[in-house]
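Enquirer: Structure in structure tokens, see below.
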Ligand SMILES: [Zn+2]
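In our numbering, the protein residues as written are 11 to 362.
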């Protein structure tokens, strides 16, 4: 009987100890939870604050595939891909951009751009996968673009809360059920080439602090196309500081004409400004690939006449001319056109 009481006591004593331990453990957990949520709360409310570096540094080499550049407005990480299929998208949160890249371990920082292991770009684990991770400075206005012409992946990290000084409206001519002109040898439709050029203008312009509004950023359905009035409305609704429409010229089936001209409209609301921008763009375009200079011209095309801002239409070569068509089938030439048209717009806007 006594024994039984003793063992009962022991049993209750052990039970109490167990309960106390369990309570202490729970309490600690609870405390941990509070601390964690506090930390998360702090993190999201101060997302632009420096966070402690987490992850593995990327090594540096002379042959490194990652280069770095910066303007007053953006940092630019350029990652050269062997094949664009290596890239399958990105994720982001308030603090980081996570690039989904195959063979991510093969990428190294180029020693011309990076002097030491840069803790703003590193490898981290996300969903159990090694991921290239880039630190943001501000939550908003960071961009990732795959340049389809060069297979370069470009990550633009904003250096300012408000990185944009101007808005540029870019109009890739034609699209959808309106293919535009066709190359004399049927190697392309105008709508395809204008889109390729316009898409690569976007990161160029953003890098120099220009917000970009595209009238389209993909081909449209075959039963769709953009009315000219709709293009004008997009430009005016977005209160652009510049409007640039990209086209390819053609002259019947004849190959006698070739080269580039930039058009402005004399009855536009700011014709002198439009002419000044046309001059800058024409000047920059002629710096590569030996294009024939057809000069700037005026013509009251509807889109540049009614856009209430400096507005030009660039005719990037002739689809009816074999020399020009050869150029327009070369991705490097298209990439140069994108860079040079953008450089002209930037020179005009920043030089005012
Ligand atoms: Zn056209």
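Glycine is no exception: its CB is placed at the ideal position from the N, C-alpha and C atoms.
Just to confirm, is the Cβ distance from residue 268 to residue 179 under 7 Å?
Expert: Contact flag unset, no.
Enquirer: Would DSSP call residue 350 helix, strand or coil?
Expert: Helix, per DSSP.
Enquirer: Taking only three categories from DSSP, how would you classify residue 255?
Expert: If DSSP states are grouped into helix, strand and coil, residue 255 belongs with the strands.
Enquirer: Closer than 6 Å to a non-hydrogen atom of ligand 1 - does that hold for the CB of residue 237?
Expert: No, the Cβ of residue 237 stays beyond 6 Å of every heavy atom of ligand 1.
Enquirer: Quick check on DSSP: helix, strand or coil for residue 81?
Expert: It is coil, neither helix nor strand.
Enquirer: Can you tell me whether residue 145 is helix, strand or coil according to DSSP?
Expert: Strand at residue 145.
Enquirer: What does DSSP give as the partner residues of residue 321 in its beta bridges?
Expert: DSSP lists 253 as partners of residue 321.
Enquirer: At 4 residues or longer, what runs of the alpha helix (DSSP H) sit wholly inside the stretch 249-318?
Expert: The qualifying runs are 281-295 and 312-316.
Enquirer: Short of 8 Å in beta carbon distance, which residues of its chain neighbour residue 54, apart from the five on each side in sequence? Order them along the chain.
Expert: Unreliable positioning characterises residue 54 in this predicted model, as indicated by a pLDDT of 38, which lies under 50. The coordinate reading is nonetheless provided below. Contacts found: 104.
Enquirer: Using DSSP with H/G/I as helix, E/B as strand and the rest coil, what is residue 111?
Expert: Looking at residue 111 - three-state DSSP - the assignment turns out to be strand.
Enquirer: How many whole angstroms separate the CB atoms of residue 338 and residue 198, which I take to be in contact at a CB cut-off of 8 Å?
Expert: Yes, residue 338 and residue 198 are in contact; Cβ-Cβ is about 7 Å, under 8 Å.
Enquirer: Are the CB atoms of residue 183 and residue 257 within a distance shorter than 7 Å?
Expert: In this structure, residue 183 lies closer than 7 Å to residue 257 by Cβ.
Enquirer: In the DSSP assignment, what are the bridge partners of residue 176?
Expert: Looking at the DSSP assignment, residue 176 forms a beta bridge with 220.
Enquirer: Could you check whether the Cβ of residue 354 sits closer than 6 Å to any heavy atom belonging to ligand 1?
Expert: No, Cβ of residue 354 sits at least 6 Å from all heavy atoms of ligand 1.
Enquirer: For the pair the stretch 323-337 and the stretch 226-238, tell me if three or more CB-CB distances fall below 8 Å.
Expert: Touching, no.
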